[in-house]
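Report on one structure; see the data block that follows.
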Amino acid sequence: MQTLQNIFVVVMAFHFIVSWNSNTDGSASYETVKLFPYKQSDSITLCVKGLISEQDRLILYGEVLVNDDTKFGLLVFTIQRSQRKVFQLCIVYLHLCNSYIDRKCYCLRKNSKRILIVLNTTAEVALSEQQVYLYLRTSNMKVKKPSIKLPFISDEFLCTSTINITSETFTAAYKPVVIAKPQEVCYVTVFQNQGVNITCNINNVYPKAKCEVNFDRNTYTTESSVSYNHELITESPPSFNTTCIIFLNHSDISDGINNVTIIIYPYVDEVHETLRYTVQEFVVFTKAVFKDSFCRSASSFEINITCDSNVTYPEAVCYFDILRNLNSTVKGYEAYTHTTQIHGYFTTRCSLFLPYTELESGLYLINVTMHPNITENILILNHHFLFWSLEYKLDKPQLMLENCSQKAREGQRIICKCKGNVDIFDRESFQWYSSSYDLLAYGSYIVVYAFGETKEYICQAYDIKYKKLFKISYILTISKY
């Protein structure tokens, strides 16, 4: 407990006189102990009711009737929190009155039979609404003053007072106090195509809190209606837990990122502009966000497409539509990974891999669609998705005549060089060697492996002419078809 000599106590108006006997030998002995009413006008801060800690004064008066039995006694103001915990606020010895030992606690002799005790010190919250007792003690007697509950004392400006602001005078029921930090208690719920709920909870506030929302769309600023739920937590000092729900209509919100400012302050209508508290900023995602996206071809030896979107909300999905000679062959390829960024954004990557060995010759058109994963019709989100078209042209693989044996015996290994062409933006070619221990029949194929792939490439032999001599067959020519 902080030093009780620096306590400011407000005592509500009371006037109580007690005559009470308590001698050690049980005999009757009557003395008068009196407490005077507290004067609210003694408030330095001009509070009409209640006091402000560290700024107002506690001025408490008591009086005792003195005779030969009590002239060497003492008077004590105490607070008794329990049977074992007693705190003394002020002690004076009656025979030392008129000697200022402590100006915060002293006594004055009014006349030969009456002595006044004065407590004049700084108020502190520790004494707020505490029970105070007054004791008269002598060598053979103790008179106890019944307890008095002290009024509310706040470490903030929680008192009813008259305040002058801009030449206007009004009565404010307590100056506001906010204990919670609003930026820790606001969260956002997005309803697709409907709007956004922003819910803020703030604890220990007086008076009831008020919430406002401002979000800037270029130079345009708007406010939305707010619904409240106020829960009374403590009556003295009064405090509330306030929940405010702010609904932003879908039509009022811009696409992409909305910078929202939530302002929470205790509601004192006349001066709320001067009593704003902590401001909270966060990002509201309202509609799909999709930008910084691109696709690329990663290889010349297969169809290998990678698409990235650096800023996506919500998570993106990808679709690959593969067309051969303008006829759709494959739809709905999906392969993507997501990485979470700050503010709930995602970085999305999707890939498509098709070796040439799985494809026939022809013109391939691959359309990539990448968009945020929402349930709406994609067509109405055409400003929120990536569409990329890549064209591949696969030529029919052919034997290169200059690299094939012109003559070969039956059972002799035949080695030919095969070559194919692929158009991916710029024309590129790929080649491999094939071999066979069988003489080629007219229009037959040589089955080979290329680039270590497990899939078979087929290199076609076209017009083949043979000559049979005894039991040996020779390849005379291999020409293009």
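Mature numbering (1 follows the signal peptide of the UniProt record, and there is no 0) puts the sequence shown at residues -19 to -1, 1 to 462. Virtual Cβ for every residue (Gly too), placed ideally from N, Cα, C.
### Pick from Tyr114, Arg118, Ser120 and Thr119 that is closest to Leu131, judged by C-alpha positions
Out of Tyr114, Arg118, Ser120 and Thr119, Tyr114 has the C-alpha closest to the C-alpha of Leu131.
### Query
Does the separation of the CB atoms of Thr170 and Asn182 fall below 8 Å?
Here Thr170 is not near Asn182, since their CB atoms are 8 Å or more apart.
### Query
Can you tell which of Ser278, Thr320 and Thr293 has the C-alpha that lies nearest to the C-alpha of Phe334?
Shortest Cα-Cα distance from Phe334 to any of Ser278, Thr320 and Thr293 involves Ser278.
### Task
Look at the Cβ atom of Leu16, then the Cβ atom of Ile129, and state whether they are nearer than 8 Å.
Yes, the pair counts as a contact, with Cβ atoms nearer than the cut-off.
### Query
Which of the three DSSP states, helix, strand or coil, is assigned to Leu131?
DSSP places Leu131 in coil when its eight states are reduced to three.
### Task
Go ahead and label Asp37 buried or exposed: buried means 16 or more other beta carbons lie within 10 angstroms of its beta carbon, across all protein chains shown.
Counting of Cβ neighbours within 10 angstroms places Asp37 among the buried residues, the total reaching 16 or more.
### Query
Are any of the Cβ atoms in chain C nearer than 8 Å to that of Tyr87?
Protein chain content of the structure displayed is limited to a single chain, and chain C is not contained in it.
### Query
Considering only the beta carbon of each residue, do Leu304 and Leu346 sit closer than 8 Å?
Yes, the pair counts as a contact, with Cβ atoms nearer than the cut-off.
### Task
Tell me whether the beta-carbon of Ile286 lies closer than 8 Å to the beta-carbon of Ser332.
It is a contact, given that the beta carbons lie within the stated cut-off.
### Query
Taking the C-alpha atoms as reference points, what is the distance between Val67 and Lys94?
Going from the Cα of Val67 to the Cα of Lys94 covers about 29 Å.
#### Entry: Nearest-angstrom Cβ-Cβ length linking Lys85 and Thr102, presumed shorter than 8 Å
About 4 Å; that satisfies the 8 Å criterion.
### Task
From the DSSP output, in three-state form, read off Ala104 for me.
Ala104: coil per DSSP, three-state reduction.
### Query
So what does Leu39 bridge to, in DSSP terms?
Partner(s): Thr102.
### Task
From the DSSP output, in three-state form, read off Tyr430 for me.
With a pLDDT of 47 at Tyr430, under the threshold of 50, the modelled position of this residue cannot be trusted; read the value that follows with caution. The answer is strand: DSSP assigns Tyr430 an E or B state.
### Task
Classify Phe275 as buried or exposed, calling it buried when 16 or more other Cβ atoms lie within 10 Å of its own Cβ.
Exposed: under 16 other Cβ atoms inside 10 Å.
#### Entry: Start and end residues, beta strand (DSSP E) containing Val49
Residue identity check: residue 49 is Asp in the sequence provided, not Val. No beta strand (DSSP E) holds Asp49; DSSP gives it neither H nor E.
### Query
Taking buried to mean at least 16 other C-beta atoms within 10 Å of its own C-beta, is Asp6 buried or exposed?
Note that Asp6 scores a pLDDT of 36, beneath 50, so its modelled location is shaky and nothing firm can be said.
#### Entry: CA-to-CA distance, Ser208 to Asn230, given in whole angstroms
Computed Cα separation, rounded: 14 Å.
### Val14 to Cys88 span [Cα, whole Å]
C-alpha separation (whole angstroms): 14 Å.
### Proximal residues to residue 520 (C-beta, below 7 Å), its chain only, five neighbours per side dropped
Outside the modelled stretch of the chain, which goes from -19 to 462, sits residue 520, for which no answer is possible.
#### Entry: Neighbour-count burial assignment, Phe368, 16 or more Cβ in a 10 Å radius
Its Cβ having fewer than 16 others within 10 Å, Phe368 is exposed.
### Message
Quick check: the Cα distance between Phe53 and Leu108, rounded to an integer number of angstroms?
### Response
Roughly 29 Å separates the two Cα atoms.
#### Entry: Where the beta strand (DSSP E) through Tyr74 begins and ends
It spans Val67 to Tyr74 - the beta strand (DSSP E) in which Tyr74 sits, taken as one unbroken run.
### Message
Would Pro295 and Asn354 qualify as a contact pair, given that the criterion is a beta-carbon distance under 8 Å?
### Response
Yes.
### Task
Compute the distance between the beta-carbons of Leu75 and Leu100, then report whether it is under 8 Å.
Taking 8 Å as the Cβ cut-off, Leu75 and Leu100 do not qualify as a contacting pair.
### Assigned exposure category for Ser206 - 16 Cβ within 10 Å defines buried
The C-beta of Ser206 has fewer than 16 other C-beta atoms within 10 Å across all chains shown, which makes the residue exposed.
#### Entry: Inter-residue Cα distance where the pair is Lys189 and Leu46
In this model, Lys189 and Leu46 are separated by some 49 Å (Cα to Cα).
### Query
Roughly how many angstroms separate the alpha carbons of Tyr300 and Cys192, rounded to a whole number?
Their Cα atoms are separated by approximately 44 Å.
#### Entry: Ala297 beta carbon less than 8 Å from that of Thr320
Contact: no.
#### Entry: CB of Ile244 within 8 Å of CB of Cys167, strictly
Using a Cβ distance threshold of 8 Å, Ile244 and Cys167 do not count as a contacting pair.
### Query
Quick one: what's got a C-beta closer than 7 Å to Cys78's C-beta in the same chain, skipping five residues either side?
Cβ neighbours of Cys78 beyond the five flanking positions: Cys88, Leu89, Arg90 and Ile96.
### Task
For the beta strand (DSSP E) holding Tyr19, just list the boundary residues, first then last.
For Tyr19, there is no enclosing beta strand (DSSP E), since its DSSP letter is neither H nor E.
### Task
Name the two residues that bound the continuous beta strand (DSSP E) containing Tyr116.
Counting along the chain, the beta strand (DSSP E) containing Tyr116 begins and ends at Gln112 to Arg118.
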